[in-house]
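When you read off a place in the sequence shown, starting at 1, and then add 835, the result is the number in the numbering used here.
Cβ atoms here follow ideal geometry from the backbone N, Cα and C, with glycine treated the same way.
Down below is the structure, laid out as structure tokens.
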Amino acid sequence: MKKLLLLVIALGLFSCNSGEKEVTPQETETPKGPKNIILLVGDGMGLSEVSASLFFKESASNFERFPTVGLIKTSAADKLITDSAAGATAFASGIKTYNGAVGVDTDSMDVKTIVEHVSERDIATGVISTSAITHATPAAFYAHSKSRRDEETIASYLPKSGIDFFAGGGLKFFNKRKDSIDMIAELETKGFAMDTVALSKKTDGKQGFLLAQGGMPTMETRGDFLPQAAQLAIEHLSENDNGFFLMIEGSQIDWGGHDNDADYLIGELLDFDTTIGKVLDFAEANGETLVIVTADHETGGFTLSPKEGNYNEIAPSFSTTGHSATMVPVFAMGPGSENFGGIYENTEIYHKMMAVFGK
836 MKKLLLLVIA LGLFSCNSGE KEVTPQETET PKGPKNIILL VGDGMGLSEV
886 SASLFFKESA SNFERFPTVG LIKTSAADKL ITDSAAGATA FASGIKTYNG
936 AVGVDTDSMD VKTIVEHVSE RDIATGVIST SAITHATPAA FYAHSKSRRD
986 EETIASYLPK SGIDFFAGGG LKFFNKRKDS IDMIAELETK GFAMDTVALS
1036 KKTDGKQGFL LAQGGMPTME TRGDFLPQAA QLAIEHLSEN DNGFFLMIEG
1086 SQIDWGGHDN DADYLIGELL DFDTTIGKVL DFAEANGETL VIVTADHETG
1136 GFTLSPKEGN YNEIAPSFST TGHSATMVPV FAMGPGSENF GGIYENTEIY
1186 HKMMAVFGK
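Here it is as structure tokens:
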């Protein structure tokens, strides 16, 4: 009798489950990570700077296209207020370090960058900047130096780095060096097609552009260099079947903040916004690209104040000529973008990128 009862129960369970949908392996797989990552860094760009795009851009702001938004804490290892070198090293290597450090830890020991990691997996890499390519932010992705000021040493890392495409200023650190080394020739020996005059069509192999002696000119002179360089880099790096990592810096948002020059800052911010639009257009069509936009810190204590008490007119103002300790926003779109919401340390940008890239 007991055996008969057990058999009836078993048949009943089988009957109940037989109508359920079978779960296939495809349905239980974790979401696929991105093939490409594009990280855009608006140097000195806080939330008020981003907000300026809503009020001073004639068309819709590209910041509004992102489905995921977060905030990062920006302090350096040795200071509550970070500089660009420590901030960029946090993004590039996932560690807190001292202000002025490029790709080194608090003991001045080299730390491996995301470019060095992914290059070992034959993933293409690139850096673009409206400052010198040896400046703190781009430098932290390919170089290692105790001091951001040692730009000739930083330049010497570029030929032997894993970088496949770069564009920016800083020519004098390559061809007018104190040690008289012709670093342009070194780059060409390493397979770079070099141009020191203007952006040109992509070529086979590596490509490099050094278009100013120091930092790039302001928007009035350089025009649409940043969105054009971004487009060219994407076309170039996309030819790699293994994917790519690209860092694009809008450097002079920071410079406008330091100068307490609202027109300068807003002009650079809108140029950065345009570049974001180009990148998002590619990412939406491509479907395999994660786009992240953030800042290393805020500069100028910038705010959108009412003009003389008139709440219908904005008069941008500043509270400092230096950096501030405010959190800065993170925007993300594409495969893995859901990981970038919330509030977290700036070092997590690196760890989150490495996690979705599959380490």
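What's the gap between the Cα of residue i and the Cα of residue j?
i	j	result
ASN1147	SER1140	10 angstroms
PHE1153	THR1038	44 angstroms
ILE844	SER1073	Bear in mind that the predicted position of ILE844 carries a pLDDT of just 40, short of 50, making it too unreliable to give a figure here.
PHE1079	LEU906	25 angstroms
LYS838	GLU1183	Unreliable placement is indicated for LYS838, whose pLDDT of 45 sits below 50; the coordinate value is still reported in the next sentence. Between LYS838 and GLU1183, the C-alpha separation is close to 59 angstroms.
ASP1131	GLY922	5 angstroms
PRO869	LYS908	25 angstroms
PHE890	ILE1149	9 angstroms
MET871	GLU1055	The sequence given here places Asn at residue 871; Met does not occur at that position. Computed Cα separation, rounded: 32 angstroms.
ASP945	PHE926	15 angstroms
SER894	GLY929	36 angstroms
HIS1186	PHE1175	11 angstroms
PHE1192	SER1035	30 angstroms
VAL1114	GLN1042	19 angstroms
VAL904	GLN1063	26 angstroms
LYS1142	LYS1025	55 angstroms
GLY997	GLY1144	53 angstroms
THR1134	GLY1171	29 angstroms
With DSSP collapsed to three states, give me the class of residue i.
i	result
GLY1136	coil
MET1054	helix
PRO860	With a pLDDT of 48 at PRO860, under the threshold of 50, the modelled position of this residue cannot be trusted; read the value that follows with caution. Correct three-state label for PRO860: helix.
SER850	Per-residue confidence for SER850 stands at a pLDDT of 43, beneath the threshold of 50, marking its modelled position as unreliable; the derived number appears in the next sentence. In this structure, SER850 counts as helix in the three-state DSSP scheme.
LEU1125	strand
GLU1148	strand
PHE1000	strand
GLY905	strand
LYS1142	strand
ILE989	helix
GLY1229	The structure shown does not extend to residue 1229, since the chain is modelled only from 836 to 1194, so the question has no answer here.
LEU889	helix
LEU1022	helix
LEU915	coil
ILE1111	helix
ILE1016	coil
Identify, in the order they occur along the chain, each residue of the same chain with its Cβ nearer than 6 angstroms to the Cβ of residue i, setting aside the five sequence neighbours on each side.
i	result
ASN1075	ALA959
ALA920	GLY935, ALA936, VAL937, ALA971 and ARG983
Grab me the residues of residue i's own chain with a C-beta within less than 7 angstroms of its C-beta, minus the 5 sequence neighbours each way, in chain order.
i	result
SER964	HIS970, THR972, PRO973, GLY1003, GLU1084 and SER1086
THR859	Confidence in THR859 is poor, its pLDDT being 48 and thus under 50, which makes the residue's placement too unreliable to answer from.
VAL953	THR960, PHE1080 and PHE1192
GLU1269	This structure cannot speak to residue 1269, because the chain is shown only from 836 to 1194.
GLY1169	PRO869, ALA1118, THR1124, LEU1125 and VAL1126
Counting only the same chain and skipping the five closest in sequence on each side, list residues whose C-beta sits under 8 angstroms from that of residue i.
i	result
GLY1177	GLY905 and LEU906
GLU1180	ILE907, LYS908, ALA925 and LYS931
> Which residue spans inside the region 1153-1181 form an unbroken beta strand (DSSP E) run of at least 3?
Replying inline: Those beta strand (DSSP E) runs which fall completely within the region 1153-1181 and span 3+ residues are 1163-1168 and 1177-1180.
> Any chance the region 1099-1113 sits against the region 865-879, with 3 or more Cβ pairs inside 8 angstroms?
Replying inline: yes
> Between the region 977-992 and the region 936-945, do three or more beta carbon pairs fall short of 8 angstroms?
Replying inline: yes
> Enumerated in chain order, which unbroken segments of the beta strand (DSSP E) with a length of 3 residues or greater are wholly contained in the region 1025-1107?
Replying inline: 1027-1030, 1041-1045 and 1079-1085
> Between the region 1030-1050 and the region 998-1015, do three or more beta carbon pairs fall short of 8 angstroms?
Replying inline: yes
> Going along the chain, which unbroken runs of the beta strand (DSSP E) with 3 or more residues stay wholly within the region 928-979?
Replying inline: 959-967
>> Under 8 angstroms: do the region 881-897 and the region 1162-1182 share three or more Cβ pairs, one atom per stretch?
In response: yes
> Any contact of the region 984-1003 with the region 1060-1069, i.e. 3+ C-beta pairs under 8 angstroms?
Replying inline: yes
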